[in-house]
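If you read the protein sequences in the order shown, they are chains D, H and R.
So the first sequence is numbered by my numbering: it starts at 1 and just counts up by one.
So the second sequence is numbered by my numbering: it starts at 1001 and just counts up by one.
So the third sequence is numbered by my numbering: it starts at 2001 and just counts up by one.
Backbone N, C-alpha and C define an ideal beta-carbon position, used for all residues, glycine too.
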Amino acid sequence: MEKKKAKAVLEAILFTMGDSVEIDRLAAVIEEDKDKTVQLLEEMAADYRKADRGISLTTLDNAVQMCTKSELYEYLIKIAKTPKKFVLTDTLLETLSIIAYKQPITRLEIEKVRGVSCDHAVNRLLEFDLIAEVGRMDAPGRPLLFGTTEQFLRSFGVKSIEDLPELSAVQIEEFKQQAESEVEMQLDI
Amino acid sequence: MEKKKAKAVLEAILFTMGDSVEIDRLAAVIEEDKDKTVQLLEEMAADYRKADRGISLTTLDNAVQMCTKSELYEYLIKIAKTPKKFVLTDTLLETLSIIAYKQPITRLEIEKVRGVSCDHAVNRLLEFDLIAEVGRMDAPGRPLLFGTTEQFLRSFGVKSIEDLPELSAVQIEEFKQQAESEVEMQLDI
Amino acid sequence: MAIPVKLEVFEGPLDLLLHLIDKNKVDIYDIPIVEITEQYLDYIRQMETEDMNVMSEFLVMAATLIDIKCRMLLPKEVNEEGEEEDPRAELVEKLLAYKMCKYMSYELRDRMVDAEKNFYKKPTLPAEVEQYRQPVDYEELIGDMTLNKLHEIFKQTIKRQEDKIDPVRSTFGKIEKDEIDLDLKTTYVEAYVRSHKTFSFRKLLEKQSSKMEIIVTFLVILEMIKTGRIGIEQEDTFSDIIITAREDVGSEPLQLTSVS
Chain D
1 MEKKKAKAVL EAILFTMGDS VEIDRLAAVI EEDKDKTVQL LEEMAADYRK ADRGISLTTL
61 DNAVQMCTKS ELYEYLIKIA KTPKKFVLTD TLLETLSIIA YKQPITRLEI EKVRGVSCDH
121 AVNRLLEFDL IAEVGRMDAP GRPLLFGTTE QFLRSFGVKS IEDLPELSAV QIEEFKQQAE
181 SEVEMQLDI
Chain H
1001 MEKKKAKAVL EAILFTMGDS VEIDRLAAVI EEDKDKTVQL LEEMAADYRK ADRGISLTTL
1061 DNAVQMCTKS ELYEYLIKIA KTPKKFVLTD TLLETLSIIA YKQPITRLEI EKVRGVSCDH
1121 AVNRLLEFDL IAEVGRMDAP GRPLLFGTTE QFLRSFGVKS IEDLPELSAV QIEEFKQQAE
1181 SEVEMQLDI
Chain R
2001 MAIPVKLEVF EGPLDLLLHL IDKNKVDIYD IPIVEITEQY LDYIRQMETE DMNVMSEFLV
2061 MAATLIDIKC RMLLPKEVNE EGEEEDPRAE LVEKLLAYKM CKYMSYELRD RMVDAEKNFY
2121 KKPTLPAEVE QYRQPVDYEE LIGDMTLNKL HEIFKQTIKR QEDKIDPVRS TFGKIEKDEI
2181 DLDLKTTYVE AYVRSHKTFS FRKLLEKQSS KMEIIVTFLV ILEMIKTGRI GIEQEDTFSD
2241 IIITAREDVG SEPLQLTSVS
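Structural data, given as structure tokens:
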């Protein structure tokens, strides 16, 4: 499809659908391959970044969704209804972060990390559509496995699970150094 | 408000509202008078008329609405028709089996059996027309009852629903006895 | 030693332990187990929870701490590689994993605050698009699933549910369920008094099938004596007590508050 037309079609679809649309489906409509479609979407995103534009594109795994620029929030709340907010307690956030970083994960494994039972938290997160059942573990009793959803990516502004804030290497090192310097102090006592 | 910023705010508002928004309200948010606001909207409409844009502005009375360019409708239909792949996941199958063998059944009862929220699975199965609402339970809150559909019978080659529950009563009794005998064994130890 | 801070709510035993470690400014890899254990026990003594589920989680950790404390006093265990094992190692690992999880949850919270600033749009599909429903290809959807397989899945699901019931603990549950319903017992005794007028206390007790039932029946009788609905006579010490109904029995229900 001619490039300008393709962009117009992509914009029309993303605007109308409101929801996220898989890149594969977009590619099928404009009759281009996936790479070309991604490239067009990137060009559009660059256009949207201009100062006189109010919308932007957000990537969620293999899908794209149109949304407003976050810096315009203060003007939007004057007129639009605030988007659905989740009240996430510490318990829910802790449970969610374990699931996010260790998915797919069973209830028992979550409980091991937190040291407390997690039935209630898991059910709440399922209700919020932030996590979902992703299968069963190939182990005795075939326990359920949980993982995060597209709603999770959207709610936390994460493009894909790989895009989660990196902490492992750096953070662990930091914790360790902290620990070591404290060990030396301890020895004096 | 600075012109570019004002345009961005207008675009964001019109996008997220979807519906028509009165020009007065728009003017209030960008802190400009009505004439200036109309002028900005006209400039935006001109931008949208470019070949690579998929949206347009329509003015009705004293309100304005963002919508898809009508010449792009055919592509909207096309995206609606790009086949989504339907799959019965483990979760869906388990939920379906519970509904099939314990119908009519409420969401809460399904959750009791599975130990997790089932909203998603139930919604998907409704979408597939494999289950349907069959009434309300005569209990506080009058919860919805679900049962299998004719489509279910057709798909699974069952003549009537009566073929199903019979099995479950026997089976449940069996499991109970099994469980009880296990309890007794346990107590002997 | 009392904990000077006001009691906070902790997410669980690991959370409390991390708090104590932070507060004492000690190293997670070298926890002064004696002190921390004391503080920990102090804390759970002050905990005002009656929720046994919550309490037991904290108690399990207390037991772990005491266990570590004991092992610290014994000669060090040596592992297969000939290295001395620190009894605290496992706990340290758990604490680190939990600390990570807390850290990650803060990260997520920050991200959520930013992400909440994006507004989305509801679908506004033209009618002809909206009405279009992709036909479900049932052959593809059902695949090689059959009714027998579905039944098999159902059996598995039910079986899992049964398995989840701990056979030993579920019997504890049963005993609990058999607890006597005070209201029911009151109604029962009232009816008994009304139909018998004068009767032997011993006979009434003999009809009760468990110790608990006897106790509750006895309580109901005591209450009825107190409110003057029945009178009692006893000839000698330890001889049978004869209970006689007063006239207005059963006219208004007994007011008993819960016995537990």
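| Asked | Found |
| --- | --- |
| Helix, strand or coil, according to DSSP, for cysteine 2070 of chain R in the structure here? | helix |
| Taking only three categories from DSSP, how would you classify leucine 60 of chain D? | strand |
| Would you call alanine 1947 of chain R buried or exposed, if buried means 16 or more other Cβ atoms sit within 10 Å of its Cβ? | For residue 1947 of chain R there is no data in the structure shown, the boundaries of chain R being 2001 and 2260. |
| Using three-state DSSP, classify serine 2239 of chain R as helix, strand or coil. | coil |
| Assess contact between the region 1139-1157 of chain H and the region 2138-2146 of chain R, defined as three or more Cβ pairs (one per stretch) separated by less than 8 Å. Is contact present? | yes |
| Is it true that the CB of threonine 1068 of chain H sits closer than 8 Å to the CB of alanine 12 of chain D? | yes |
| Taking 8 Å as the threshold (C-beta atoms), are glutamate 2093 of chain R and glycine 115 of chain D in contact? | no |
| Verify the CB distance criterion: does valine 2129 of chain R have a CB-CB separation below 8 Å to chain H? | yes |
| For glutamine 2131 of chain R, report the span of its alpha helix (DSSP H) as first-last. | Glutamine 2131 of chain R -> no alpha helix (DSSP H), and no H or E assigned at all. |
| Give the C-beta separation of glutamate 73 of chain D and valine 1029 of chain H to the nearest angstrom, bearing in mind that I take them to be a contact with Cβ-Cβ under 8 Å. | It is tyrosine, not glutamate, that sits at residue 73 of chain D in the sequence shown. Tyrosine 73 of chain D to valine 1029 of chain H, Cβ: 12 Å. No contact. |
| Can you give me, in chain order, the residues of the region 49-60 of chain D that have a beta carbon less than 7 Å from any beta carbon in chain H? | Ala51, Asp52, Arg53, Gly54 and Ile55 |
| Who are the neighbours of asparagine 123 of chain D on chain H, taking C-beta pairs under 7 Å? | Val1116 and Ser1117 |
| Suppose you measure from the CA of valine 2005 of chain R to the CA of proline 140 of chain D; what does that come to, to the nearest Å? | Caution is warranted here: a pLDDT of 43 is assigned to valine 2005 of chain R, below 50, making its placement in the model unreliable, and the coordinate value is therefore given only provisionally. Cα to Cα, valine 2005 of chain R sits roughly 45 Å from proline 140 of chain D. |
| Near glycine 1018 of chain H, which residues of its chain fall below 6 Å by C-beta distance, leaving aside the five closest residues on each side in sequence? | none |
| One question on the structure: do leucine 1057 of chain H and leucine 1040 of chain H come within less than 8 Å of each other, judged by their Cβ atoms? | no |
| Can you give me, in chain order, the residues of the region 2024-2041 of chain R that have a beta carbon less than 9 Å from any beta carbon in chain D? | Lys2025, Val2026, Asp2027, Ile2028, Tyr2029, Asp2030 and Pro2032 |
| What does the alpha-carbon distance come out to for the pair valine 2216 of chain R and isoleucine 2241 of chain R? | 17 Å |
| For alanine 1132 of chain H, report the span of its beta strand (DSSP E) as first-last. | 1131-1136 |
| From the DSSP output, in three-state form, read off glutamine 151 of chain D for me. | helix |
| Where do the N-terminal and C-terminal ends of the alpha helix (DSSP H) with glutamate 2035 of chain R fall, by residue? | 2033-2046 |
| Establish whether the CB of threonine 1037 of chain H and some CB of chain R are separated by less than 8 Å. | no |
| Hey, valine 1134 of chain H and phenylalanine 1146 of chain H: beta-carbon distance below 8 Å or not? | yes |
| Pair every Cβ in the region 99-113 of chain D with every Cβ in the region 2027-2043 of chain R, then say whether three or more of these pairs are closer than 8 Å. | no |
| Valine 1158 of chain H touches chain R at which residues, Cβ-Cβ below 9 Å? | Leu2147 |
| Could you please give me the residues that DSSP links to methionine 2212 of chain R through a beta bridge? | In DSSP, methionine 2212 of chain R forms no bridge with anything. |
| Which residue spans inside the region 66-148 of chain D form an unbroken beta strand (DSSP E) run of at least 3? | 131-136 and 144-148 |
| Around the C-beta of leucine 1096 of chain H, are 16 or more other C-beta atoms found within 10 angstroms, so that it is buried, or is it exposed? | buried |
| Would valine 2113 of chain R be called buried (16 or more neighbouring beta carbons within 10 Å of its own) or exposed? | exposed |
| Judging by CA-CA distance, which residue of D/Ala100, D/Ala63 and D/Lys50 is the nearest neighbour of alanine 1006 of chain H? | D/Lys50 |
| Using only CA atoms, which one of R/Leu2017, R/Leu2095 and R/Pro2075 lies nearest to aspartate 2086 of chain R? | R/Pro2075 |
| Determine the extent of the beta strand (DSSP E) in which isoleucine 2230 of chain R is found, giving its start and end residues. | 2230-2234 |
| Please state whether DSSP places lysine 2177 of chain R in a helix, a strand or coil. | Only weak support exists for where lysine 2177 of chain R lies, its pLDDT of 46 falling under 50; the value from the coordinates is given anyway. In this structure, lysine 2177 of chain R counts as helix in the three-state DSSP scheme. |
| Using a Cβ cut-off of 8 Å (strictly closer), state whether alanine 1012 of chain H contacts chain D. | yes |
| Can you name the residues of chain D whose CB is closer than 8 Å to the CB of tyrosine 2098 of chain R? | Val113, Arg114 and Gly115 |
| Could you confirm whether any beta carbon from chain H is found closer than 8 Å to the beta carbon of valine 9 of chain D? | yes |
| Can you tell me the Cα-Cα spacing of lysine 2174 of chain R and phenylalanine 128 of chain D, whole angstroms? | With a pLDDT of 40 at lysine 2174 of chain R, under the threshold of 50, the predicted position of this residue should be treated as unreliable, though the coordinate-derived value follows. Answer to the nearest angstrom: the Cα atoms are 35 Å apart. |
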